[in-house]
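K.L.:
Numbering (the numbering used here), first residue to last: 218 to 386.
All C-beta atoms, glycine included, are put in the ideal place defined by N, C-alpha and C.
1. Is there a C-beta anywhere in chain C that falls below 8 Å from the one on residue 262?
2. In chain order, what residues of the same chain have a beta carbon less than 7 Å from the beta carbon of residue 299, not counting five sequence neighbours either side?
3. What's the gap between the Cα of residue 256 and the Cα of residue 327?
4. Between the alpha carbons of residue 321 and residue 248, how many angstroms are there, rounded?
5. How is residue 334 classed by DSSP in three states: helix, strand or coil?
6. According to the neighbour-count rule (16 or more other Cβ atoms, all chains shown, within 10 Å of its Cβ), is residue 316 buried or exposed?
7. Please determine, among 374, 304, 366, 270, the residue with the shortest C-alpha to C-alpha distance to residue 283.
8. Taking one C-beta from the region 331-350 and one from the region 257-269 each time, how about it: are there three or more such pairs within less than 8 Å?
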């Protein structure tokens with residue numbers, strides 16, 4: 218067992234503890250808030266920036282990033298509040314243990330996914346040779362590296378076979 222093995226297990230345990238403390242509902246709502254907030258911010262920041270430039274006379278260099286950030290934070294906060302409400306509701310219905318158990322599973326999967334990506338990229342991309350050697354010698358890293366390779370190759374294959382959008386023609 219080398220330092221990489223210890224770090225892998227520390228990361229997994231950290232994500233499991235985070236999942237237990239937050240619970241499934243709050244973790245899912247946080248993830249949805251991040252995704253939907255990013256989508257909403259990318260989609261609607263020009264409208265808010267235009268309105269803020271005219272209503273409160275903000276320069277464009279300030280209005281655009283401020284509008285993006287404001288939309289992202291507000292949507293994320295709404296999903297956080299929804300998650301908190303649903304978590305309280307699950308405790309009232311005596312389903313708090315199901316919520317926490319689901320949080321443990323989701324936390325483990327989240328940590329494993331991040332480790333798959335990092336460890337695979339750590340063996341294929343330009344990184345210091347000592348780090349590559351340490352990762353390849355790690356017993357715990359091998360499964361994550363193989364899974365990361367499968368995930369990334371699946372993404373690459375789907376990107377190659379994706380049809381171009383009508384705007385690209």
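P.N.:
Judging by the given coordinates:
1. Considering every chain present, this structure includes no chain C. It has just one protein chain.
2. Start at 1 with the first residue of the chain shown, and residue 299 comes out as number 82. Setting aside the 5 residues that flank it on each side, residue 299 is surrounded in the same chain by 246, each with a C-beta closer than 7 Å to its C-beta; the list follows chain order.
3. Residue numbering aside, residue 256 sits at position 39 when the chain shown is read from its first letter. Residue numbering aside, residue 327 sits at position 110 when the chain shown is read from its first letter. Taking the CA atoms as reference points, residue 256 sits about 21 Å from residue 327.
4. One-based indexing of the chain shown puts residue 321 at position 104. One-based indexing of the chain shown puts residue 248 at position 31. Each residue's alpha carbon lies about 15 Å from the other.
5. Residue numbering aside, residue 334 sits at position 117 when the chain shown is read from its first letter. Looking at residue 334 - three-state DSSP - the assignment turns out to be helix.
6. Residue mapping note: residue 316 aligns to position 99 of the chain shown, counting from 1. Here residue 316 is buried, its C-beta having at least 16 other C-beta atoms within 10 Å.
7. As a working note, residue 283 is residue 66 in the chain shown. It is 270.
8. Cβ pair count under 8 Å is below three, so no.
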